[in-house]
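Residue numbers (the UniProt record's numbering): 1 to 472. We treat Cβ as the ideally placed atom computed from N, Cα and C, and that holds for glycine. Quick caveat: nothing in here was measured; it's all calculated off a predicted structure. Please read the structure below before turning to the comments.
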(Lines of atoms letter the chains of each structure in order from A and count residues from 1; the text may use other names and numbers.)
(Lines give C-alpha, C1' and ligand atoms only; values in the text may rest on other atoms or scores of the structure.)
Protein backbone atom coordinates (compact mmCIF):
# COMPACT_ATOMS: atom_id res chain seq x y z
CA UNK A 1 0.00 0.00 0.00
CA UNK A 2 2.93 2.36 0.58
CA UNK A 3 4.20 1.94 -2.97
CA UNK A 4 0.79 2.51 -4.49
CA UNK A 5 0.35 5.77 -2.62
CA UNK A 6 3.94 6.80 -3.27
CA UNK A 7 3.25 6.97 -7.02
CA UNK A 8 1.15 10.05 -6.28
CA UNK A 9 4.32 11.86 -5.17
CA UNK A 10 5.81 11.36 -8.64
CA UNK A 11 8.19 8.66 -7.44
CA UNK A 12 8.96 5.54 -9.47
CA UNK A 13 9.12 2.15 -7.77
CA UNK A 14 12.90 2.46 -7.37
CA UNK A 15 12.50 5.98 -5.94
CA UNK A 16 9.87 4.68 -3.53
CA UNK A 17 12.08 1.77 -2.49
CA UNK A 18 14.68 4.25 -1.25
CA UNK A 19 12.04 6.11 0.76
CA UNK A 20 10.08 3.14 2.11
CA UNK A 21 12.57 0.30 2.51
CA UNK A 22 15.36 2.72 3.32
CA UNK A 23 13.30 4.22 6.12
CA UNK A 24 12.34 0.84 7.58
CA UNK A 25 15.94 -0.33 7.28
CA UNK A 26 16.98 2.71 9.27
CA UNK A 27 14.76 1.55 12.13
CA UNK A 28 16.41 -1.88 12.16
CA UNK A 29 19.91 -0.40 12.00
CA UNK A 30 19.21 1.80 15.00
CA UNK A 31 17.47 -0.93 16.98
CA UNK A 32 20.66 -3.00 16.80
CA UNK A 33 22.48 -0.18 18.61
CA UNK A 34 20.66 -1.05 21.84
CA UNK A 35 23.45 -3.56 22.51
CA UNK A 36 25.86 -0.65 22.88
CA UNK A 37 23.85 0.85 25.74
CA UNK A 38 23.38 -0.48 29.29
CA UNK A 39 20.03 -1.60 30.67
CA UNK A 40 19.93 1.57 32.76
CA UNK A 41 18.05 4.89 32.56
CA UNK A 42 21.32 6.64 31.70
CA UNK A 43 24.49 6.19 29.66
CA UNK A 44 28.02 6.45 31.06
CA UNK A 45 30.11 8.53 28.68
CA UNK A 46 33.86 8.13 28.31
CA UNK A 47 36.40 7.38 31.01
CA UNK A 48 36.77 8.60 34.57
CA UNK A 49 39.05 11.57 35.25
CA UNK A 50 41.33 11.54 38.30
CA UNK A 51 40.97 14.94 39.95
CA UNK A 52 43.12 14.56 43.08
CA UNK A 53 46.59 13.48 44.14
CA UNK A 54 45.48 10.56 46.32
CA UNK A 55 42.70 9.44 44.00
CA UNK A 56 39.88 9.99 46.50
CA UNK A 57 38.17 12.55 44.26
CA UNK A 58 37.32 11.73 40.64
CA UNK A 59 35.01 12.89 37.89
CA UNK A 60 32.94 11.15 35.24
CA UNK A 61 30.08 11.89 32.83
CA UNK A 62 26.60 10.45 32.56
CA UNK A 63 23.99 11.18 29.90
CA UNK A 64 20.26 11.10 30.59
CA UNK A 65 17.24 11.58 28.26
CA UNK A 66 15.92 15.11 28.05
CA UNK A 67 12.48 15.22 29.67
CA UNK A 68 10.78 17.08 26.85
CA UNK A 69 9.58 16.28 23.34
CA UNK A 70 11.25 16.30 19.93
CA UNK A 71 9.59 18.30 17.15
CA UNK A 72 10.62 17.02 13.72
CA UNK A 73 9.83 19.45 10.88
CA UNK A 74 10.43 17.46 7.70
CA UNK A 75 10.84 17.97 3.96
CA UNK A 76 8.55 16.80 1.15
CA UNK A 77 11.02 14.68 -0.80
CA UNK A 78 11.26 11.65 1.52
CA UNK A 79 7.98 11.50 3.47
CA UNK A 80 8.73 8.08 5.02
CA UNK A 81 12.52 7.89 5.25
CA UNK A 82 12.69 11.48 6.49
CA UNK A 83 10.47 10.62 9.45
CA UNK A 84 11.76 7.14 10.29
CA UNK A 85 15.45 8.07 10.25
CA UNK A 86 14.71 10.72 12.87
CA UNK A 87 12.28 8.94 15.19
CA UNK A 88 14.47 5.81 15.20
CA UNK A 89 17.06 7.88 17.04
CA UNK A 90 14.90 9.86 19.46
CA UNK A 91 12.95 6.73 20.46
CA UNK A 92 16.22 4.96 21.25
CA UNK A 93 17.14 7.96 23.40
CA UNK A 94 13.85 7.78 25.30
CA UNK A 95 12.22 10.95 23.93
CA UNK A 96 8.72 11.16 22.38
CA UNK A 97 8.25 12.96 19.07
CA UNK A 98 5.83 15.23 17.25
CA UNK A 99 6.30 14.91 13.48
CA UNK A 100 5.34 17.75 11.12
CA UNK A 101 5.74 16.50 7.53
CA UNK A 102 5.69 18.81 4.53
CA UNK A 103 2.10 19.37 3.39
CA UNK A 104 2.88 18.43 -0.22
CA UNK A 105 3.46 14.73 0.54
CA UNK A 106 2.16 14.39 4.11
CA UNK A 107 -0.42 11.77 3.05
CA UNK A 108 2.35 9.19 2.69
CA UNK A 109 3.78 10.01 6.12
CA UNK A 110 0.28 9.75 7.58
CA UNK A 111 -0.15 6.24 6.18
CA UNK A 112 3.09 5.07 7.78
CA UNK A 113 2.22 6.65 11.14
CA UNK A 114 -1.25 5.09 11.01
CA UNK A 115 0.33 1.66 10.48
CA UNK A 116 2.82 2.16 13.33
CA UNK A 117 0.13 3.33 15.76
CA UNK A 118 -2.09 0.43 14.70
CA UNK A 119 0.49 -2.13 15.76
CA UNK A 120 0.49 -0.72 19.32
CA UNK A 121 4.25 -1.26 19.55
CA UNK A 122 4.70 2.23 21.00
CA UNK A 123 3.27 3.62 24.24
CA UNK A 124 0.35 5.95 23.62
CA UNK A 125 1.41 9.49 22.77
CA UNK A 126 5.05 8.67 22.04
CA UNK A 127 4.56 9.39 18.33
CA UNK A 128 2.26 12.20 17.22
CA UNK A 129 1.61 13.68 13.78
CA UNK A 130 0.54 17.13 12.58
CA UNK A 131 -0.31 17.19 8.87
CA UNK A 132 -2.02 20.57 8.84
CA UNK A 133 -0.75 23.93 9.96
CA UNK A 134 1.69 23.92 12.85
CA UNK A 135 1.64 27.66 13.39
CA UNK A 136 2.49 28.48 16.97
CA UNK A 137 3.95 25.10 17.87
CA UNK A 138 7.34 26.60 18.68
CA UNK A 139 5.71 29.01 21.14
CA UNK A 140 5.34 26.13 23.60
CA UNK A 141 8.84 24.66 23.58
CA UNK A 142 11.13 24.65 26.61
CA UNK A 143 14.81 24.03 27.24
CA UNK A 144 14.21 20.26 27.56
CA UNK A 145 12.74 19.98 24.06
CA UNK A 146 14.61 19.44 20.80
CA UNK A 147 13.69 20.79 17.35
CA UNK A 148 14.96 19.36 14.07
CA UNK A 149 14.42 20.78 10.60
CA UNK A 150 14.99 19.38 7.12
CA UNK A 151 14.23 21.61 4.15
CA UNK A 152 15.30 24.80 2.43
CA UNK A 153 18.05 26.97 3.88
CA UNK A 154 15.78 30.04 3.89
CA UNK A 155 13.06 28.36 5.97
CA UNK A 156 15.65 26.83 8.26
CA UNK A 157 17.26 30.19 8.97
CA UNK A 158 13.86 31.68 9.76
CA UNK A 159 13.08 28.91 12.26
CA UNK A 160 16.55 29.05 13.76
CA UNK A 161 16.00 32.71 14.61
CA UNK A 162 12.71 32.05 16.45
CA UNK A 163 12.72 33.95 19.73
CA UNK A 164 11.57 30.93 21.75
CA UNK A 165 14.46 28.82 20.46
CA UNK A 166 16.85 31.56 21.50
CA UNK A 167 15.24 32.40 24.85
CA UNK A 168 15.02 28.76 25.97
CA UNK A 169 18.34 27.71 24.39
CA UNK A 170 16.54 24.84 22.65
CA UNK A 171 18.80 22.47 20.65
CA UNK A 172 18.03 22.99 16.95
CA UNK A 173 19.39 20.62 14.31
CA UNK A 174 19.14 21.86 10.73
CA UNK A 175 19.75 19.85 7.58
CA UNK A 176 19.34 22.03 4.50
CA UNK A 177 19.71 21.43 0.79
CA UNK A 178 23.18 22.03 -0.55
CA UNK A 179 25.14 22.36 -3.77
CA UNK A 180 26.83 18.97 -3.62
CA UNK A 181 29.60 18.14 -6.05
CA UNK A 182 31.01 15.06 -7.75
CA UNK A 183 34.62 15.26 -8.90
CA UNK A 184 36.23 13.22 -11.68
CA UNK A 185 39.88 12.51 -10.89
CA UNK A 186 42.52 13.48 -13.45
CA UNK A 187 43.45 9.82 -13.78
CA UNK A 188 39.91 8.77 -14.70
CA UNK A 189 39.87 9.30 -18.45
CA UNK A 190 37.57 7.60 -21.01
CA UNK A 191 38.19 3.87 -21.17
CA UNK A 192 38.84 3.52 -17.45
CA UNK A 193 36.35 1.86 -15.12
CA UNK A 194 36.34 5.01 -12.99
CA UNK A 195 35.20 7.21 -15.90
CA UNK A 196 32.26 4.91 -16.54
CA UNK A 197 31.44 4.84 -12.82
CA UNK A 198 31.47 8.64 -12.74
CA UNK A 199 29.03 9.00 -15.63
CA UNK A 200 26.71 6.37 -14.16
CA UNK A 201 26.80 7.92 -10.68
CA UNK A 202 26.13 11.47 -11.88
CA UNK A 203 23.26 10.38 -14.13
CA UNK A 204 21.72 8.44 -11.26
CA UNK A 205 22.02 11.34 -8.85
CA UNK A 206 20.45 13.71 -11.37
CA UNK A 207 17.41 11.55 -12.08
CA UNK A 208 16.56 9.48 -8.97
CA UNK A 209 13.53 11.13 -7.31
CA UNK A 210 13.64 13.54 -10.27
CA UNK A 211 16.64 15.17 -8.64
CA UNK A 212 14.66 16.04 -5.50
CA UNK A 213 17.32 14.89 -3.06
CA UNK A 214 19.21 17.03 -0.61
CA UNK A 215 22.28 14.96 -1.55
CA UNK A 216 21.87 15.12 -5.35
CA UNK A 217 24.83 16.18 -7.50
CA UNK A 218 24.40 19.85 -8.45
CA UNK A 219 27.97 20.54 -9.62
CA UNK A 220 29.97 18.17 -11.83
CA UNK A 221 33.67 19.02 -11.50
CA UNK A 222 35.86 17.54 -14.25
CA UNK A 223 39.36 18.05 -15.72
CA UNK A 224 39.09 20.69 -18.45
CA UNK A 225 40.65 18.31 -20.98
CA UNK A 226 37.80 15.84 -20.35
CA UNK A 227 34.86 18.26 -20.51
CA UNK A 228 33.78 17.22 -24.00
CA UNK A 229 34.07 13.52 -23.18
CA UNK A 230 31.98 13.94 -20.03
CA UNK A 231 29.42 16.08 -21.83
CA UNK A 232 28.97 13.52 -24.61
CA UNK A 233 28.87 10.46 -22.35
CA UNK A 234 26.53 12.05 -19.82
CA UNK A 235 24.20 13.45 -22.49
CA UNK A 236 23.97 10.02 -24.11
CA UNK A 237 23.09 8.41 -20.79
CA UNK A 238 20.55 11.11 -19.91
CA UNK A 239 18.89 10.62 -23.31
CA UNK A 240 17.91 7.12 -22.17
CA UNK A 241 16.01 8.49 -19.17
CA UNK A 242 12.33 7.91 -19.96
CA UNK A 243 9.98 10.38 -18.26
CA UNK A 244 6.34 9.80 -17.40
CA UNK A 245 3.77 8.20 -15.14
CA UNK A 246 5.90 6.56 -12.43
CA UNK A 247 3.51 3.62 -12.17
CA UNK A 248 4.18 2.57 -15.78
CA UNK A 249 6.79 -0.12 -16.39
CA UNK A 250 9.85 1.28 -18.13
CA UNK A 251 9.54 4.85 -16.86
CA UNK A 252 12.88 5.84 -15.32
CA UNK A 253 11.95 9.25 -13.94
CA UNK A 254 8.61 10.48 -12.65
CA UNK A 255 7.43 14.00 -11.99
CA UNK A 256 8.34 16.54 -9.37
CA UNK A 257 6.29 16.33 -6.17
CA UNK A 258 3.78 18.95 -7.31
CA UNK A 259 3.16 22.00 -9.47
CA UNK A 260 4.62 24.42 -6.91
CA UNK A 261 7.92 22.57 -7.29
CA UNK A 262 7.68 22.75 -11.08
CA UNK A 263 7.34 26.52 -10.91
CA UNK A 264 10.18 26.78 -8.40
CA UNK A 265 12.62 24.58 -10.35
CA UNK A 266 11.79 26.25 -13.68
CA UNK A 267 12.51 29.66 -12.18
CA UNK A 268 15.85 28.50 -10.82
CA UNK A 269 16.79 26.97 -14.21
CA UNK A 270 16.06 30.29 -15.92
CA UNK A 271 18.18 32.11 -13.34
CA UNK A 272 21.09 29.74 -13.90
CA UNK A 273 20.73 30.11 -17.68
CA UNK A 274 21.57 33.81 -17.41
CA UNK A 275 25.23 33.04 -16.72
CA UNK A 276 25.80 29.58 -18.22
CA UNK A 277 24.69 27.51 -21.19
CA UNK A 278 22.27 24.59 -21.30
CA UNK A 279 24.04 21.79 -23.16
CA UNK A 280 21.38 19.12 -22.65
CA UNK A 281 17.64 19.32 -22.08
CA UNK A 282 14.83 21.76 -22.83
CA UNK A 283 12.10 22.86 -20.43
CA UNK A 284 9.56 23.05 -23.24
CA UNK A 285 10.41 20.18 -25.57
CA UNK A 286 10.51 16.68 -24.11
CA UNK A 287 8.41 13.52 -24.27
CA UNK A 288 6.30 12.07 -21.46
CA UNK A 289 5.00 8.48 -21.32
CA UNK A 290 1.46 7.77 -20.13
CA UNK A 291 0.66 11.29 -18.95
CA UNK A 292 -0.02 14.83 -20.12
CA UNK A 293 3.11 16.86 -19.49
CA UNK A 294 1.05 20.05 -19.46
CA UNK A 295 -1.02 18.79 -16.52
CA UNK A 296 1.67 17.04 -14.50
CA UNK A 297 4.76 18.45 -12.78
CA UNK A 298 7.13 16.93 -15.32
CA UNK A 299 10.56 18.32 -16.14
CA UNK A 300 13.41 16.81 -18.18
CA UNK A 301 17.03 16.50 -17.03
CA UNK A 302 18.83 19.82 -17.57
CA UNK A 303 22.62 19.91 -17.92
CA UNK A 304 24.56 23.20 -17.88
CA UNK A 305 28.15 24.05 -18.72
CA UNK A 306 29.94 26.86 -16.90
CA UNK A 307 33.13 27.73 -18.78
CA UNK A 308 34.41 30.12 -16.08
CA UNK A 309 33.40 28.62 -12.72
CA UNK A 310 35.61 31.02 -10.72
CA UNK A 311 33.95 34.05 -12.31
CA UNK A 312 30.38 32.97 -13.03
CA UNK A 313 29.15 32.28 -9.52
CA UNK A 314 25.45 31.45 -9.90
CA UNK A 315 26.05 27.69 -9.91
CA UNK A 316 27.69 28.04 -6.48
CA UNK A 317 24.73 29.96 -5.07
CA UNK A 318 21.52 28.88 -6.82
CA UNK A 319 20.03 25.41 -6.41
CA UNK A 320 17.39 24.08 -8.76
CA UNK A 321 15.85 21.29 -6.67
CA UNK A 322 15.24 18.95 -9.57
CA UNK A 323 17.15 16.99 -12.26
CA UNK A 324 19.52 19.90 -12.86
CA UNK A 325 23.31 20.02 -12.70
CA UNK A 326 26.28 21.99 -14.05
CA UNK A 327 29.62 20.83 -15.49
CA UNK A 328 32.58 22.83 -14.15
CA UNK A 329 36.13 22.46 -15.59
CA UNK A 330 39.30 22.47 -13.48
CA UNK A 331 42.99 22.72 -14.40
CA UNK A 332 44.53 20.92 -11.42
CA UNK A 333 43.59 19.26 -8.15
CA UNK A 334 43.90 22.49 -6.17
CA UNK A 335 41.24 24.05 -8.41
CA UNK A 336 39.00 21.00 -8.02
CA UNK A 337 39.25 21.28 -4.24
CA UNK A 338 38.51 25.00 -4.32
CA UNK A 339 35.48 24.51 -6.60
CA UNK A 340 34.09 21.85 -4.27
CA UNK A 341 34.54 24.20 -1.31
CA UNK A 342 32.80 27.05 -3.15
CA UNK A 343 29.47 25.39 -2.35
CA UNK A 344 29.96 27.06 1.06
CA UNK A 345 29.15 23.89 2.96
CA UNK A 346 27.66 20.70 1.53
CA UNK A 347 26.06 17.53 2.81
CA UNK A 348 28.19 15.34 0.56
CA UNK A 349 30.68 15.28 -2.26
CA UNK A 350 32.26 12.40 -4.11
CA UNK A 351 35.52 11.91 -5.93
CA UNK A 352 35.93 9.13 -8.46
CA UNK A 353 39.58 8.16 -8.81
CA UNK A 354 41.83 5.10 -8.75
CA UNK A 355 44.75 7.16 -7.44
CA UNK A 356 44.88 7.02 -3.64
CA UNK A 357 47.23 10.02 -3.52
CA UNK A 358 44.62 12.13 -5.30
CA UNK A 359 41.94 10.72 -3.02
CA UNK A 360 43.90 11.58 0.13
CA UNK A 361 44.83 15.10 -1.01
CA UNK A 362 41.26 15.89 -1.97
CA UNK A 363 39.67 14.38 1.14
CA UNK A 364 41.94 16.09 3.66
CA UNK A 365 41.54 19.52 2.03
CA UNK A 366 37.83 19.34 1.22
CA UNK A 367 36.62 17.74 4.46
CA UNK A 368 36.06 20.95 6.44
CA UNK A 369 33.33 22.02 4.00
CA UNK A 370 31.58 18.65 3.69
CA UNK A 371 29.56 16.39 5.95
CA UNK A 372 30.41 13.24 4.01
CA UNK A 373 32.88 12.32 1.25
CA UNK A 374 32.55 9.25 -0.98
CA UNK A 375 35.76 7.99 -2.57
CA UNK A 376 34.68 5.69 -5.40
CA UNK A 377 36.76 3.38 -7.56
CA UNK A 378 36.49 -0.03 -9.18
CA UNK A 379 37.54 -1.82 -5.99
CA UNK A 380 34.51 -0.70 -3.95
CA UNK A 381 31.99 0.10 -6.69
CA UNK A 382 30.16 -3.23 -6.51
CA UNK A 383 29.17 -2.74 -2.88
CA UNK A 384 29.15 1.06 -2.73
CA UNK A 385 25.90 2.60 -1.49
CA UNK A 386 26.48 5.59 -3.74
CA UNK A 387 26.94 9.34 -3.56
CA UNK A 388 23.39 10.19 -2.56
CA UNK A 389 22.55 7.69 0.18
CA UNK A 390 23.09 8.72 3.82
CA UNK A 391 23.72 5.63 5.96
CA UNK A 392 22.23 5.09 9.44
CA UNK A 393 25.60 4.41 11.06
CA UNK A 394 27.29 7.44 9.45
CA UNK A 395 26.58 11.07 10.24
CA UNK A 396 24.33 13.07 7.94
CA UNK A 397 24.58 16.84 7.83
CA UNK A 398 27.06 19.45 6.80
CA UNK A 399 28.57 22.85 7.60
CA UNK A 400 27.56 26.25 6.31
CA UNK A 401 24.84 26.26 3.69
CA UNK A 402 24.00 22.63 4.54
CA UNK A 403 22.70 23.82 7.90
CA UNK A 404 25.56 23.16 10.30
CA UNK A 405 23.72 20.19 11.79
CA UNK A 406 24.36 16.51 12.29
CA UNK A 407 22.01 13.56 12.58
CA UNK A 408 22.19 9.77 12.46
CA UNK A 409 25.73 8.42 12.83
CA UNK A 410 24.83 5.38 14.91
CA UNK A 411 25.38 5.96 18.63
CA UNK A 412 26.43 9.56 17.92
CA UNK A 413 22.93 10.43 16.73
CA UNK A 414 21.30 9.03 19.87
CA UNK A 415 23.54 11.10 22.11
CA UNK A 416 22.11 14.32 20.60
CA UNK A 417 18.92 13.65 22.57
CA UNK A 418 20.66 13.10 25.90
CA UNK A 419 21.89 15.64 28.43
CA UNK A 420 25.53 15.15 29.39
CA UNK A 421 26.22 15.87 33.06
CA UNK A 422 29.60 15.81 34.80
CA UNK A 423 29.57 14.08 38.19
CA UNK A 424 32.25 14.33 40.89
CA UNK A 425 32.89 12.44 44.10
CA UNK A 426 34.67 9.54 45.78
CA UNK A 427 35.35 6.52 43.53
CA UNK A 428 33.04 4.34 45.67
CA UNK A 429 30.16 6.80 45.28
CA UNK A 430 30.76 7.23 41.56
CA UNK A 431 30.89 3.43 41.23
CA UNK A 432 27.47 3.15 42.87
CA UNK A 433 25.99 5.87 40.66
CA UNK A 434 27.38 4.61 37.36
CA UNK A 435 27.10 0.87 38.11
CA UNK A 436 30.69 0.64 36.90
CA UNK A 437 33.63 0.02 39.20
CA UNK A 438 35.93 3.05 39.41
CA UNK A 439 39.59 2.68 40.37
CA UNK A 440 40.03 3.58 44.02
CA UNK A 441 36.54 2.51 45.00
CA UNK A 442 35.79 0.17 47.89
CA UNK A 443 36.45 -3.50 47.18
CA UNK A 444 34.36 -6.02 49.11
CA UNK A 445 35.25 -9.70 49.16
CA UNK A 446 32.67 -11.70 47.24
CA UNK A 447 30.86 -14.23 49.44
CA UNK A 448 30.11 -16.72 48.11
CA UNK A 449 32.71 -16.74 45.32
CA UNK A 450 31.62 -14.86 42.18
CA UNK A 451 31.72 -18.10 40.20
CA UNK A 452 28.92 -19.43 42.43
CA UNK A 453 26.61 -16.51 41.71
CA UNK A 454 24.20 -15.83 38.88
CA UNK A 455 25.02 -12.80 36.79
CA UNK A 456 22.16 -10.73 38.23
CA UNK A 457 23.44 -11.42 41.75
CA UNK A 458 26.83 -9.82 41.19
CA UNK A 459 27.45 -6.42 42.80
CA UNK A 460 29.75 -3.73 41.44
CA UNK A 461 32.98 -3.76 43.46
CA UNK A 462 32.82 -7.38 44.56
CA UNK A 463 36.36 -8.71 44.52
CA UNK A 464 38.14 -12.06 44.65
CA UNK A 465 41.28 -11.88 46.80
CA UNK A 466 43.99 -14.52 46.26
CA UNK A 467 47.28 -15.32 47.92
CA UNK A 468 50.31 -13.70 46.37
CA UNK A 469 52.30 -15.78 43.92
CA UNK A 470 55.15 -15.32 41.52
CA UNK A 471 54.35 -14.94 37.84
CA UNK A 472 57.08 -16.31 35.56
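For the pair residue 430 and residue 424, the Cα-to-Cα distance works out to about 7 Å. Counted as a single uninterrupted DSSP element, the alpha helix (DSSP H) harbouring residue 106 occupies residues 106 to 119. Residue 37 and residue 49 have their C-alpha atoms some 21 Å from each other. In this structure, DSSP gives residue 178 a state outside helix and strand, which the three-state scheme calls coil. For residue 360, the uninterrupted alpha helix (DSSP H) run begins and ends at 356 to 366, by DSSP. Only residues of its own chain outside the window of five on either side were considered, and among them 61, 62, 63 and 64 have a CB closer than 8 Å to the CB of residue 421, listed in chain order. In the DSSP annotation of this structure, the continuous segment of the beta strand (DSSP E) that includes residue 278 starts and ends at 277 to 280.
Within a 10 Å sphere around the beta-carbon of residue 176 sit 16 or more other beta-carbons, which makes this residue buried. Contact between residue 173 and residue 84 does not hold, since the beta-carbon distance rounds to 16 Å and is not under 8 Å. Nearest Cα to residue 410 within the set 89, 69 and 78: 89. As summarised for the segment 415 to 459, the continuous beta strand (DSSP E) elements at least 3 residues long and confined to that stretch are 418 to 425, given in chain order. Taking C-beta separations shorter than 7 Å and ignoring five residues to either side along the sequence, the partners of residue 381 in its chain run 197, following chain order.
Taking residue 229 as the centre and dropping the five residues before and after it, the same chain places the C-beta of 190 closer than 6 Å to its C-beta, in chain order. Residue 403 and residue 156 have their C-alpha atoms roughly 8 Å apart. Of the other Cβ atoms in all chains shown, fewer than 16 fall within 10 Å of the Cβ of residue 455; this residue is therefore exposed.
Residue 238 is a Cβ neighbour of residue 301, given a cutoff of 9 Å.
For residue 206, the secondary structure class from DSSP, reduced to helix, strand or coil, is helix.
Setting aside the 5 residues that flank it on each side, residue 331 is surrounded in the same chain by 224, each with a C-beta closer than 7 Å to its C-beta; the list follows chain order. Distances from the alpha-carbon of residue 276 to those of 241, 314, 296 and 260 put 314 closest.
When Cβ pairs closer than 8 Å are counted between the two stretches, the segment 62 to 81 is seen to touch the segment 95 to 102, the count reaching three or more. Rounded to whole angstroms, residue 436 and residue 460 show a C-alpha spacing of 6 Å. Within the segment 33 to 68, the complete beta strand (DSSP E) segments at least 3 residues long are 43 to 50 and 58 to 65, listed from N- to C-terminus.
In this structure, the beta-carbon distance from residue 253 to residue 12 falls below 9 Å. By the beta-carbon neighbour count (other beta carbons within 10 angstroms, threshold 16), residue 465 is exposed. Three or more pairs of CB atoms, one per stretch, sit closer than 8 Å, so the segment 336 to 347 contacts the segment 366 to 378. In the DSSP secondary-structure assignment, residue 144 is not bridged to any residue. Annotated three-state conformation of residue 97 is strand, per DSSP.
A check of alpha carbon separations from residue 248 across 362, 10 and 2 identifies 10 as the nearest.
Beta-bridge partners of residue 253 (DSSP): 243. Distance from the Cα of residue 448 is smallest, within the candidate group 77, 440, 457 and 44, for 457.
Its Cα nearest to that of residue 232, the residue 200 stands out among 200, 118, 4 and 216.
Between the alpha carbons of residue 2 and residue 111 lies a distance of about 7 Å. Annotated three-state conformation of residue 408 is strand, per DSSP. Pairing residue 399 with residue 56, the inter-Cα distance amounts to about 43 Å. In this structure, the alpha-carbon of residue 350 lies about 18 Å from that of residue 319. Excluding sequence positions up to five before and after residue 290, its CB lies within less than 6 Å of the CB of 244, 245 and 248, all in the same chain and listed in chain order.
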